[in-house]
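J.: I have a structure I would like to understand better, so I am pasting it below and will then ask my questions one at a time.
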Amino acid sequence: MRPVQVLVVADQLLRDLLVARWSRESWLAVVVGRADEAWEDLAARRADVVVLDLALRPPRWERAVETLREQGSGARVVVLAEPGDEESAHDAARAGAAGWLLYGSSVDELTDAVRLVHAGHGVYPSRLLAAVLDGLRHDIAEARRPTGRLSALTEREVEVLRALVDGLSARDVADHLDVAVNTVRTHTHRIFRKLGVHGRLEAVRIARAEGLAPLADVSSVSAAVPSRPVRLVREREDPDL
Numbered sequence: 001m002r003p004v005q006v007l008v009v010a011d012q013l014l015r016d017l018l019v020a021r022w023s024r025e026s027w028l029a030v031v032v033g034r035a036d037e038a039w040e041d042l043a044a045r046r047a048d049v050v051v052l053d054l055a056l057r058p059p060r061w062e063r064a065v066e067t068l069r070e071q072g073s074g075a076r077v078v079v080l081a082e083p084g085d086e087e088s089a090h091d092a093a094r095a096g097a098a099g100w101l102l103y104g105s106s107v108d109e110l111t112d113a114v115r116l117v118h119a120g121h122g123v124y125p126s127r128l129l130a131a132v133l134d135g136l137r138h139d140i141a142e143a144r145r146p147t148g149r150l151s152a153l154t155e156r157e158v159e160v161l162r163a164l165v166d167g168l169s170a171r172d173v174a175d176h177l178d179v180a181v182n183t184v185r186t187h188t189h190r191i192f193r194k195l196g197v198h199g200r201l202e203a204v205r206i207a208r209a210e211g212l213a214p215l216a217d218v219s220s221v222s223a224a225v226p227s228r229p230v231r232l233v234r235e236r237e238d239p240d241l
């Protein structure tokens, strides 16, 4: 079995510590990266897991994490943050990072986090988990909230309109929403009536003008919510990192 490729973007001391510790793990292969290295270059290394040290103050790191996810590389990101920087846990989850740990976590805990995120789990401290998940749910709700001329539409009608923006046929919309084709047609006629239009093209034009996100964009926000169980970690008082 191929070892898990772990890219460590951290200062020299932490990189050396992790390389020395993880060199004894047969299931891990460590790749080191510099903080000033372009994210495009880091992404090209095809790592399975990226350990990102926020103490380096990497510029636009949230966007970098999003880019890794959007590129479909499959790389899972674990963020290391300093005490007092709990707000970055929300930013990390929103960007799609699979894990977030504070300095003070032991090397063994970080090793376990790498193993868990590679298996598809999320790893966040128990005391922050509820707030992080609430923040993600709020983001999803905001992405789905209709505005302006679309505010008269029901939630189901908005879903149908998003599908129309994506160019789906009535049959495709019915399959996506798990309803009958006639039900989709009924919703579509109601949408036309409420928007004061006579056809799909006009409805889509209004939806785009109002900034309604298509289904694909809403799904990308939802993807930040862990699909596998979130493992809880407890911070240690005596830092080993």
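Under full-length UniProt numbering, think of the first position of the sequence shown as 1, with each following residue one higher.
For each residue, glycine too, the CB sits at the ideal point set by N, CA and C.
1. Is the stretch 153-161 in contact with the stretch 184-198, if contact means three or more CB pairs nearer than 8 Å?
2. In whole angstroms, what is the alpha-carbon distance linking residue 4 and residue 85?
3. Looking only at its own chain, which residues have a Cβ that is under 7 Å from the Cβ of residue 212, when we skip the five neighbours before and after it?
4. Does the distance from the CB of residue 111 to the CB of residue 210 come in under 8 Å?
5. Using only alpha-carbon positions, find the residue among 2, 207, 132 and 107 that is nearest to residue 97.
6. Can you list, in chain order, the residues of its chain whose CB lies under 7 Å from that of residue 200, leaving out five sequence neighbours each side?
7. Using C-beta distances below 7 Å, list every residue in its chain close to residue 181, excluding the 5 sequence neighbours before and after it, in chain order.
8. Measure the alpha-carbon distance for residue 91 versus residue 153 and round it to whole angstroms.
9. Please state if the CB of residue 7 and the CB of residue 47 are separated by a distance shorter than 8 Å.
10. Contact check, residue 247 vs residue 9 under 8 Å by CB: the rounded distance?
11. With DSSP collapsed to three states, give me the class of residue 179.
12. Taking the Cβ atom as the reference point for each residue, do residue 104 and residue 117 lie within a distance shorter than 8 Å?
13. Taking the beta carbon of residue 95 as the centre, do at least 16 other beta carbons fall within 10 Å, making it buried, or is it exposed?
14. Roughly how many angstroms lie between the CA atoms of residue 83 and residue 71, to the nearest whole one?
15. From residue 66 to residue 129, what does the alpha carbon distance come to, in whole angstroms?
16. Quick one: which unbroken alpha helix (DSSP H) runs of 4-plus residues sit fully inside the UniProt domain "Response regulatory" (4-118)? Chain order, please.
17. With DSSP as the reference, label residue 120 as helix, strand or coil.
18. From 50, 168 and 125, pick the residue whose C-alpha is nearest to that of residue 73; which is it?
19. If I measure Cβ to Cβ from residue 15 and keep anything under 8 Å in the same chain, skipping five residues before and after, which residues do I get?
20. Excluding the 5 residues preceding and the 5 following residue 56 in the sequence, name in chain order all residues of the same chain whose CB lies nearer than 8 Å to its CB.
21. Quickly, what does DSSP pair residue 214 with across the bridge? List them, please.
T.: Considering the structure as presented:
1. yes
2. 29 Å
3. 146, 150, 161, 162 and 165
4. It is not a contact, given that the beta carbons lie outside the stated cut-off.
5. 132
6. 164
7. 170, 171 and 174
8. 31 Å
9. yes
10. Since the first residue shown for the chain is 1 and the last is 241, residue 247 is missing from the structure and cannot be characterised.
11. coil
12. no
13. buried
14. 31 Å
15. 20 Å
16. Those alpha helix (DSSP H) runs which fall completely within the UniProt domain "Response regulatory" (4-118) and span 4+ residues are 12-22, 39-43, 61-70, 87-95 and 107-118.
17. Three-state DSSP puts residue 120 in coil, outside helix and strand.
18. 50
19. 8 and 32, listed in sequence order.
20. 9, 10, 11 and 35
21. Paired residue(s): none; residue 214 is not in a bridge.
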